[in-house]
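Peer 1: Below are the structure tokens for one structure; questions will follow.
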Amino acid sequence: MAFRLAEQLEVDLELQGVTGVEDRLQEGAAMTIKKLRQAGIHVWMLTGDKTETALNVGLATSLLVPESRLSRYLWDRDEPSGDGLLRQLDADLRALAASASRPSAASPSSGEVCANKGDEAAGEEGKPPEALIVDGEGLAFLLGRPDRQTRFIQLCCACRSVICCRVAPHQKGAVVSLVKAATQKVTLAIGDGANDCNMIRQAHIGVGIRGNEGHQAFNCSDFGLTQFRLLLPLLLVHGRYCYRRVATVVLYILYKNILLVFPLIYFGFLCLFSGQRFYPELLSQIYNPVLTAVPITLYGVFERDVDRHASLKFPLLYRLGQMNSLLNPRTYFTWIFRGAWHAAIIFVVAVYAFGYDSIPGPNGKPFDMWMVGTIVMAANCLVANFAILFASFRISFVIVFGIGFSMFSCVVLFFAASTASVGGISTGALFLIFESFFTVLLYFLVVASFCLGLLWFQRSFRVAFWPELVDLIHRREYAGLPLLSLAELKHLNLAVADEEKGDKQGRSTDDESPSSADRVARHADETKEAPPTEKAKGEQRRHRLREWVTNSLLRKSREKTASAARNGRYMGLPSRSPPHPRDPATLAEHLRLPGTAHAAVPCPDPPPPPPTALASS
Numbered sequence: 194m195a196f197r198l199a200e201q202l203e204v205d206l207e208l209q210g211v212t213g214v215e216d217r218l219q220e221g222a223a224m225t226i227k228k229l230r231q232a233g234i235h236v237w238m239l240t241g242d243k244t245e246t247a248l249n250v251g252l253a254t255s256l257l258v259p260e261s262r263l264s265r266y267l268w269d270r271d272e273p274s275g276d277g278l279l280r281q282l283d284a285d286l287r288a289l290a291a292s293a294s295r296p297s298a299a300s301p302s303s304g305e306v307c308a309n310k311g312d313e314a315a316g317e318e319g320k321p322p323e324a325l326i327v328d329g330e331g332l333a334f335l336l337g338r339p340d341r342q343t344r345f346i347q348l349c350c351a352c353r354s355v356i357c358c359r360v361a362p363h364q365k366g367a368v369v370s371l372v373k374a375a376t377q378k379v380t381l382a383i384g385d386g387a388n389d390c391n392m393i394r395q396a397h398i399g400v401g402i403r404g405n406e407g408h409q410a411f412n413c414s415d416f417g418l419t420q421f422r423l424l425l426p427l428l429l430v431h432g433r434y435c436y437r438r439v440a441t442v443v444l445y446i447l448y449k450n451i452l453l454v455f456p457l458i459y460f461g462f463l464c465l466f467s468g469q470r471f472y473p474e475l476l477s478q479i480y481n482p483v484l485t486a487v488p489i490t491l492y493g494v495f496e497r498d499v500d501r502h503a504s505l506k507f508p509l510l511y512r513l514g515q516m517n518s519l520l521n522p523r524t525y526f527t528w529i530f531r532g533a534w535h536a537a538i539i540f541v542v543a544v545y546a547f548g549y550d551s552i553p554g555p556n557g558k559p560f561d562m563w564m565v566g567t568i569v570m571a572a573n574c575l576v577a578n579f580a581i582l583f584a585s586f587r588i589s590f591v592i593v594f595g596i597g598f599s600m601f602s603c604v605v606l607f608f609a610a611s612t613a614s615v616g617g618i619s620t621g622a623l624f625l626i627f628e629s630f631f632t633v634l635l636y637f638l639v640v641a642s643f644c645l646g647l648l649w650f651q652r653s654f655r656v657a658f659w660p661e662l663v664d665l666i667h668r669r670e671y672a673g674l675p676l677l678s679l680a681e682l683k684h685l686n687l688a689v690a691d692e693e694k695g696d697k698q699g700r701s702t703d704d705e706s707p708s709s710a711d712r713v714a715r716h717a718d719e720t721k722e723a724p725p726t727e728k729a730k731g732e733q734r735r736h737r738l739r740e741w742v743t744n745s746l747l748r749k750s751r752e753k754t755a756s757a758a759r760n761g762r763y764m765g766l767p768s769r770s771p772p773h774p775r776d777p778a779t780l781a782e783h784l785r786l787p788g789t790a791h792a793a794v795p796c797p798d799p800p801p802p803p804p805t806a807l808a809s810s
């Protein structure tokens with residue numbers, strides 16, 4: 194009725210003007226979404242805007258690309274039964290199953306990807322969709338029955354991007370709840386309006402943005418932000434730090450308690466499990482809260498494997514948590530075996546060095562059971578406190594201070610327990626131990642060498658032969674090289690691959706540059722030897738490639754260093770002169786290609802420091 198009335202009234206009108214309203218995106222929104230997708234996070238957009246607006250926002254934020262195979266699930270009022278949506282859903286699922294059986298079809302080359310043709314379904318092309326858009330009415334139909342829900346969520350999880358437009362607030366919460374129940378994945382919902390509150394409450398992690406649309410979303414969220422781009426450091430920096438710290442703290446607490454308990458199990462075989470105590474009671478009670486608590490507490494607060502800049506530049510570091518690579522059954526049993534092995538070393542060496550018929554001191558007195566138990570407890574504290582260094586990626590002053598404080602507390606409390614008349618070690622037992630100071634010191638050195646030396650060897654072997662992305666970043670920082678982005682590394686890898694491919698195909702010297710050919714000919718004339726072989730040509734080409742890469746990296750590093758020095762800062766620290774990069778031979782060693790010979794690359798002298806203006810009084 195209202196539509197007919199509008200047709201009768203709105204006739205013979207003259208256009209006076211046009212008003213356009215632009216709802217701009219927040220600064221850094223596109224880059225934030227791009228980084229989140231590089232980190233392996235699936236980004237869905239749930240909005241109440243119309244389809245055209247949602248598509249434009251998706252393109253502006255790089256959630257969609259023009260070449261994406263887009264599948265549209267838009268409700269057709271001329272077909273109220275929804276059979277068209279079901280046919281399209283079946284076609285997309287068949288294409289998805291076919292691509293799963295043929296892995297090569299799931300990743301076509303750039304020439305095989307065709308542009309999206311309007312509303313043409315991806316299933317009709319025989320290829321699974323890369324992106325999906327659905328409106329509110331179509332979403333209500335697809336989620337109306339359990340069988341449709343399962344199939345639709347299966348398709349959505351296979352797409353790289355999902356956009357839900359014209360959805361009501363309760364539909365946003367329903368989508369989040371359905372994803373939680375169907376995938377068992379951790380969900381995060383972020384919004385800035387009152388219509389996002391239901392979605393924020395349903396997600397595992399709710400993030401609210403305080404903006405012009407009110408504070409309702411901000412007040413009902415778990416984390417509150419002022420801008421959308423701040424979601425990036427929240428996840429890639431603080432979230433990743435938190436996962437690494439919590440995982441290591443859990444495993445370390447398990448490890449140091451095994452160090453305490455397993456010597457009691459080993460002692461049970463000697464005393465026939467009679468229930469005899471091996472440690473002094475006071476020392477065993479303060480082992481966890483006092484003797485070994487400070488280093489791991491400081492580690493859980495201050496540990497950082499890479500700095501904030503590297504965490505934001507390499508979103509792939511975030512995938513360690515998604516793959517659960519730090520807290521899984523393998524790492525769990527590794528730390529258990531490590532604790533049992535270290536406890537065996539500590540106990541067996543102590544028993545055979547101080548027990549039985551051994552006379553460790555010059556006074557001719559043997560050690561009794563309490564003395565041996567006290568020495569084993571001291572060795573447990575030594576190994577447990579210093580083992581945290583091998584779990585750290587950076588040896589910071591805070592961690593070293595915590596270890597020193599714990600060891601000082603051990604000495605003080607051991608003396609207090611030895612001199613206490615009630616509840617301590619038998620009076621003077623610790624002083625008898627210190628009469629054999631050199632023997633006890635040798636025991637501590639042997640135990641530390643075996644236990645901590647094994648940790649150092651294991652860590653060095655892994656970094657040398659199976660380095661992770663964190664280790665590669667540390668290598669470049671130690672060498673004084675700038676951190677390359679993934680795109681730059683990809684270009685370098687392509688250049689190396691082209692050189693190796695050309696070497697295998699036996700390219701002649703005609704393909705080389707004139708300067709390179711002249712150098713090769715001049716070298717052959719001077720040495721009066723036979724012309725270089727194909728293998729020598731390949732070595733020379735790879736040497737030139739290494740020389741170009743090294744010099745370009747050195748140039749970038751020095752430009753960055755000079756710029757930072759002019760601004761009065763370097764590496765985030767004020768008034769600190771930048772260190773000179775390492776020698777070119779070491780840089781070439783880091784950049785050495787597999788199967789190539791090592792050669793030192795000439796490097797120009799570092800530029801002189803800028804002149805300093807002196808003000809005269």
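Mapping of the sequence shown onto my numbering: position 186 corresponds to residue 379, and the numbering continues sequentially without gaps. Even for Gly, the Cβ is constructed at its ideal location relative to N, Cα and C.
Would you mind stating whether C352 and E323 have Cβ atoms separated by less than 9 Å?
Peer 2: Cβ atoms of C352 and E323: closer than 9 Å.
Peer 1: If A410 and C390 are in contact, beta carbons under 8 Å, what's the gap, nearest whole angstrom?
Peer 2: A410 to C390, Cβ: 6 Å. Contact.
Peer 1: Under the DSSP definition of a beta bridge, which residues are partnered with C357?
Peer 2: According to DSSP, which records beta bridges pairwise, C357 is partnered with L239 and V327.
Peer 1: Per DSSP, what are the beta-bridge partners of Y266 in this structure?
Peer 2: BP columns for Y266 point to V327.
Peer 1: Output the boundary residues of the beta strand (DSSP E) element that contains A382.
Peer 2: First-last of the beta strand (DSSP E) with A382: L381 to G384.
Peer 1: How should L202 be labelled, buried or exposed, when 16 other C-beta atoms within 10 angstroms of its C-beta is the threshold for buried?
Peer 2: The residue in question, L202, is exposed, as its Cβ has fewer than 16 Cβ neighbours within 10 Å.
Peer 1: Residue range of the alpha helix (DSSP H) that I226 falls in?
Peer 2: I226 -> alpha helix (DSSP H) spans A222 to Q231.
Peer 1: Which residues in the same chain as A298 place their Cβ atom closer than 6 Å to its Cβ, once the five residues preceding and following it in sequence are excluded?
Peer 2: Only weak support exists for where A298 lies, its pLDDT of 40 falling under 50; the value from the coordinates is given anyway. Cβ neighbours of A298 beyond the five flanking positions: S292.
Peer 1: Is I489 closer than 9 Å to V454 when the C-beta atoms are compared?
Peer 2: Contact: no.
Peer 1: Which residue's Cα is closest to the Cα of F462: F334, R497, V544 and L256?
Peer 2: The residue with the shortest Cα to Cα distance from F462 is V544.
Peer 1: Is DSSP giving F416 helix, strand or coil here?
Peer 2: Strand, per DSSP.
Peer 1: Assign T485 to buried or exposed, taking buried as 16 or more other Cβ atoms, counted over all protein chains shown, within 10 Å of its Cβ.
Peer 2: It is buried - the Cβ of T485 has at least 16 other Cβ atoms within 10 Å.
Peer 1: Quick one, which of F530, L513, C574 and A247 has its alpha-carbon nearest V360's?
Peer 2: V360 has its Cα closest to that of A247, out of F530, L513, C574 and A247.
Peer 1: Applying the criterion that 16 or more other CB atoms from any shown protein chain within 10 Å of the CB defines a buried residue, is M570 buried or exposed?
Peer 2: It is buried - the Cβ of M570 has at least 16 other Cβ atoms within 10 Å.
Peer 1: I'd like the ranges of any beta strand (DSSP E) spanning at least 3 consecutive residues and lying wholly in the region 494-531.
Peer 2: For the region 494-531, not a single whole beta strand (DSSP E) run of length 3 or above is found.
Peer 1: Within 10 angstroms of its Cβ, does F540 collect 16 or more other Cβ (buried), or is it exposed?
Peer 2: Buried is the call here.
Peer 1: In the DSSP output, which residue or residues are listed as bridge partners for G407?
Peer 2: BP columns for G407 point to G404.
Peer 1: Exposed or buried, I592, counting other C-beta atoms within 10 Å across all chains shown (16 or more means buried)?
Peer 2: Buried.
Peer 1: Quick one, which of E220, A657, L513 and M562 has its alpha-carbon nearest C464's?
Peer 2: The shortest Cα separation from C464 among E220, A657, L513 and M562 belongs to M562.
Peer 1: Does the region 595-605 come close enough to the region 655-662 to have 3 or more Cβ pairs within less than 8 Å?
Peer 2: Contact between the region 595-605 and the region 655-662 is absent, because fewer than three Cβ pairs lie under 8 Å.
Peer 1: Exposed or buried, which one is S642 when buried takes at least 16 other CB atoms within 10 Å?
Peer 2: When all chains shown are included, S642 counts as exposed.
Peer 1: List in chain order: all unbroken beta strand (DSSP E) runs of 3+ residues lying wholly within the region 436-481.
Peer 2: You should have found no qualifying run.
Peer 1: Taking DSSP as the reference, what is the three-state secondary structure of G275?
Peer 2: DSSP places G275 in coil when its eight states are reduced to three.
Peer 1: Expressed to the nearest angstrom, what Euclidean distance is found between the alpha-carbon atoms of G617 and L606?
Peer 2: Note that G617 scores 49 on pLDDT, short of 50, meaning its location in the model is unreliable and no value can be drawn from it.
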